[in-house]
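Residue numbering for the sequence shown follows the numbering used here, beginning at 45 and increasing consecutively. For every residue, glycine included, the Cβ atom is placed at its ideal position computed from N, Cα and C. None of these values were measured; they are calculated from a predicted model. Heads up: the structure comes next, in structure tokens.
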Amino acid sequence: MWNKIEGESREKIEQTQLKRLQDTVTRVYELTPFYKEKFKELGISPKDITSLKDIQKLPFTKKQDLRNHYPFGLFTVPMSEVVRVHSSSGTTGKPTVVGYTQSDMDVWDEVMARVFTMAGTTAEDVVHNAYGYGLFTGGLGFDGGAKKIGATTIPASSGFTDRQIMLMKDFNATIMASTPSFALHMYEAAKKSGNDYLKDFKLKAGVFGAEPTSDGLKEEVSRVWGIDYHEVYGLSEIIGPGVSSNCKHSKLLHVNEDHFFPEIIDHKTGEVLPDGERGELVITSLTKQALPIIRYRTGDITSLHREPCGCGRTLVRMESIVGRVDDMIIVNGVNVYPSQVEHVIANTEGVTLNYQIIADKKGHLDKIDILVEVSEDVISDSVAEMEKIKKDIQHSLANNLYINANVKLVEPRSIERSMGKAVRVVDKRV
């Protein structure tokens, strides 16, 4: 463990959480007009928060609230105390802007040090960081955590695939950090260029995140690179990467709950759901100074688990993100998440995990096409063989997800690759 609090008693952790929650509630009430008004509407004040359960009395915060107060309207410190600003791309309107004090930066480095430690990273390792540097929180978030534990960092950023492969090999990188889809893309490029990925590379583990990923894709990344797969979860509104990650003992992700308080709610009613039940993840920041967030609705679908972990950590754990409330597509009344489709594809022989879901209309009804790349080693002129693969996928989709999809098998590497998050859904109905 990086920090002993990761293995503290539940009583100790919850005492820490309550004190920090009370401080945060007081902070936003006194310093943020937005929250003060929200509290008044609900008839509550900071003195009403006397237990962790009282968090349910507090209002939710949504992404639109950040956009409505663009750029710095929800900050609780003057800009003279803000040492870093990040923002989203703003592709759906005004970007969401987040700020960090030096204290916030220290917390970010701390939680990312925990992430790297779970992946077995030490000061002796070389971290190849293929997350984008810039306004996106990924690259610099990983950079700070690696620096805190003393590892050597290669700030490769995103893109320039051939150069990335050269740097990983020549600099003897031992830890890979990237999106899982880009990790597979780099493997394909390495294989095509003739690199013996097991012989020429010194990689032992990878830290992957930024996109919902099925177990099949995780296993594929781990298999082709011959490394341990560690998942990290985070979002810029809360801090960036580092909210949670998994150790070697489980696929469930330990939440750094001394800094982030998680809840699972029914995304339609807002009702808090019991442990083990899937719903929308809501997070309250407990130590943020520049931009404290109360009950932020992440839009991510997951569940919480409190069973003991073999690693000795007592932190609550969360399931890998199943999908998002807002990237869920509804096909003729059926809810479909890309990761569910990916799971079906991962269990089909003869295809890769590069796919794209295209939703459209045929008359008044929804129709869905799923493009799936065929594996290079099974390319065949046999129409019957290709038809069997196609029908196997369609049959599994119908039996498991209750959707009738038109599966189209396409040539290897014909679906455009992404340097960051993979574009899995194209909804032409919108």
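Quick one: what does DSSP say residue i is sitting in, helix, strand or coil?
i	result
A249	strand
I447	coil
M372	coil
Y79	helix
T120	coil
K262	helix
K471	According to the sequence provided, residue 471 is Asp. The question's Lys does not apply to it. Residue state, collapsed to three classes: strand.
D319	coil
G41	Residue 41 is absent from the model: the chain starts at 45 and stops at 474.
L96	helix
E58	helix
L65	helix
P90	helix
P257	Note that residue 257 corresponds to Thr in the displayed sequence, not to Pro. Reduced to three states, the DSSP call for T257 is coil.
G51	helix
G183	helix
S383	helix
R357	coil
I'd like the list of long-range same chain contacts for residue i, defined as Cβ closer than 7 Å, with 5 residues on each side in sequence excluded.
i	result
A428	none
D471	I373, A403
I282	F304, I327, S329, I337, Y340
L317	I308, I309, D310, G323
K56	none
A157	W46, G189, K192, I193
R54	T358
Please work out which residues of its chain come closer than 8 Å, Cβ to Cβ, to residue i, disregarding the five sequence neighbours upstream and downstream, and give them in chain order.
i	result
R322	I308, I345, T346, S347, E363, V366
V418	G394, V395, T396, M430, I433, L453, V454, E455, P456
K191	D153, T197
K465	T223, S225, A254, E255
Q61	L96, E301, D302, F305, L330
I88	K101, L102
In the DSSP output, which residue or residues are listed as bridge partners for residue i?
i	result
E393	Paired residues: none, contrary to the question.
Y277	S288
S329	F304
R457	Per DSSP, none; premise fails for R457.
E324	I309, I345
M362	L297, L348
K452	L415
D272	A249
I401	I414, V469
What does a CB cutoff of less than 6 Å around residue i pick up in its chain, not counting 5 residues either side in sequence?
i	result
E125	T145
M440	The residue asked about is misnamed: residue 440 is Ser in this sequence, not Met. Result list for S440: V388, in chain order.
V276	V159, V251, G253, P285, S289
D169	A195, T218, I219
K82	P103
S294	C353
I437	T392, V451
T135	Because T135 sits at a pLDDT of 41, beneath the cut-off of 50, its placement in the model cannot be relied upon, and the following sentence gives the value as read from the coordinates. Same-chain partners within the cutoff: there are none.
G268	Sequence inspection shows Val at residue 268; the Gly mentioned does not correspond to that position. Around V268: Y231.
Y446	V378
What residue range does the beta strand (DSSP E) around residue i cover?
i	result
L297	297–299
I345	340–346
N379	378–380
Taking residue i as part of the alpha helix (DSSP H), name the residues at either end of that continuous run.
i	result
D109	107–112
Looking at residue i and the ligand HEM, is the gap between the Cβ and the nearest heavy atom below 6 Å?
i	result
G164	What this structure holds is no ligand at all, so the ligand HEM is not there to describe.
For residue i, decide whether its Cβ has a neighbour in chain D, counting only Cβ atoms nearer than 7 Å.
i	result
K435	In the displayed structure, chain D is absent; only one protein chain is listed.
With a floor of 3 residues, list each beta strand (DSSP E) that falls wholly inside the region 122–181, ordered by position along the chain.
Whole beta strand (DSSP E) segments, 3+ residues: 128–131, 141–144, 170–173.
Could you pull out every unbroken beta strand (DSSP E) segment of at least 3 residues lying fully inside the region 185–255, listed in chain order?
196–198, 219–222, 249–252
Could you tell me which uninterrupted beta strand (DSSP E) segments, each at least 3 residues in length, are contained entirely in the region 404–445, listed from first to last along the chain?
409–418
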